[in-house]
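Here's the structure we're looking at; comments come further down.
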Amino acid sequence: MVKKNKTGQYILFSVLLLFTVICFAPVILVLIISLSADSSLALNGYSFFPSAFSLDGWLYVWGMKADLLQAYKITIIRTFVATAGTLLVESMTAYAISRSNFLLRGFVTKMMLFATLFSGSMLSSYVVNTTMYHLKDTFWILIIPSVGMMHIIMMRTYIKGTISDALVESSKIDGASDFRIFFQIILPLMKPSLAAVGFMTAVNKWNDWTTADLYITNRSLKPLQNYLMDIENKISALNAEENAGLLEMLGESGVPADSTRMALLFAVLGPIMIVYPFFQKYFVKGLTVGSIKG
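Mapping of the sequence shown onto full-length UniProt numbering: residues 1 to 294, in sequence order.
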């Protein structure tokens with residue numbers, strides 16, 4: 001029986017190890033390509049074992065470090081502020097509609113669900129944000145449209161499934177106000193759910209490029225994703241240029257296109273890969289507990 005269990009564990013471990021390798025292989029390939037010479041990539045294609053290595057891609061990226069750091073700063077501030085604000089609004093809303101003594105909980109839930117299913121078009125959102133709220137070319141447009149209905153439902157389910165009503169009622173008997181109950185009792189108990197929703201929100205904000213593409217023209221306000229798109233367009237334009245004098249200034253092969261693209265891509269992946277292990281425990285717990293209806 002013990003031998004059978006060990007065999008099952010070995011099989012499970014092998015499957016998980018294979019899955020891990022499959023997930024990490026593209027990331028490793030991106031790193032290797034960023035360190036490969038473009039001549040090797042043009043001759044042999046993408047490979048885990050390139051014939052020649054080069055730091056030209058990373059050196060080209062380093063040459064734009066001032067603009068790159070500005071884009072990083074905008075993206076980090078945007079991700080942090082938007083995630084914190086979203087968690088505060090979503091958790092307060094989830095707590096309100098989870099309370100049985102809140103008479104409008106059904107109406108509020110249905111209105112949010114209706115707005116999710118039948119939301120306005122991108123054109124209507126653009127008109128409202130630019131003509132009514134005057135958010136075009138402002139930092140706030142990168143933060144405000146953040147609240148998600150499904151996140152609120154996840155938090156509400158977590159509250160109803162893990163936090164007893166008796167705890168809230170006893171706190172009220174002791175004279176605690178609703179805000180004190182929420183911030184000192186409910187919010188600390190929601191840590192797994194907050195971590196799960198917060199991580200999803202942060203990743204979404206980190207990777208979002210459509211908002212800035214629609215609303216931001218000021219270069220100093222462009223997040224990392226949009227800045228990298230501008231660099232990609234610049235690289236394509238330079239490599240398509242047939243002016244001999246321009247190519248001579250850039251070098252015989254022009255800008256190292258493939259290695260530079262992969263270096264930029266790895267620069268985007270890095271922060272998320274570093275942060276995720278610290279949130280993994282709460283992320284998994286928040287998803288599993290929050291998915292069970294209480």
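By construction, the Cβ of each residue, glycine as well, lies at the ideal position given by its N, Cα and C atoms.
Quickly, what does DSSP pair residue i with across the bridge? List them, please.
i: Ser36; result: Phe53
Are residue i and residue j closer than 8 Å when you measure CB to CB?
i: Met190; j: Ser91; result: yes
i: Ala212; j: Leu113; result: no
i: Phe266; j: Val30; result: yes
i: Ser146; j: Gly85; result: yes
i: Tyr215; j: Asp137; result: yes
i: Thr83; j: Gly270; result: no
i: Ser36; j: Pro50; result: yes
i: Phe56; j: Pro188; result: The amino acid occupying residue 56 in the given sequence is Asp; Phe does not appear at that position. Their beta carbons are not under 8 Å apart, which means Asp56 does not touch Pro188 by this criterion.
i: Ile32; j: Phe48; result: yes
i: Ile185; j: Tyr95; result: no
i: Tyr158; j: Ser125; result: no
Buried or exposed for residue i, please, with buried defined as at least 16 other CB atoms from any protein chain shown within 10 angstroms of its CB.
i: Arg219; result: exposed
i: residue 342; result: The structure shown has nothing for residue 342, since the chain only spans 1 to 294.
i: Leu104; result: exposed
i: Val61; result: buried
i: Asp230; result: exposed
i: Leu59; result: exposed
i: Thr79; result: buried
i: His134; result: exposed
i: Ile28; result: exposed
i: Ser34; result: buried
i: Lys222; result: buried
i: Ala263; result: buried
i: Met155; result: buried
i: Leu41; result: buried
i: Ala195; result: buried
i: Pro277; result: exposed
i: Ile22; result: exposed
I believe residue i touches residue j by the beta-carbon criterion, under 8 Å. Please report the beta-carbon distance rounded to the nearest angstrom.
i: Ser98; j: Lys160; result: 5 Å
i: Leu228; j: Thr75; result: Wrong, their Cβ atoms sit about 10 Å apart, outside the cutoff.
i: Thr93; j: Ile11; result: Wrong, their Cβ atoms sit about 45 Å apart, outside the cutoff.
i: Ile272; j: Val203; result: 6 Å
i: Asn226; j: Trp209; result: 5 Å
Does any CB atom of chain D fall closer than 8 Å to the CB of residue i?
i: Met150; result: Included in the structure is just one protein chain, with no chain D present.
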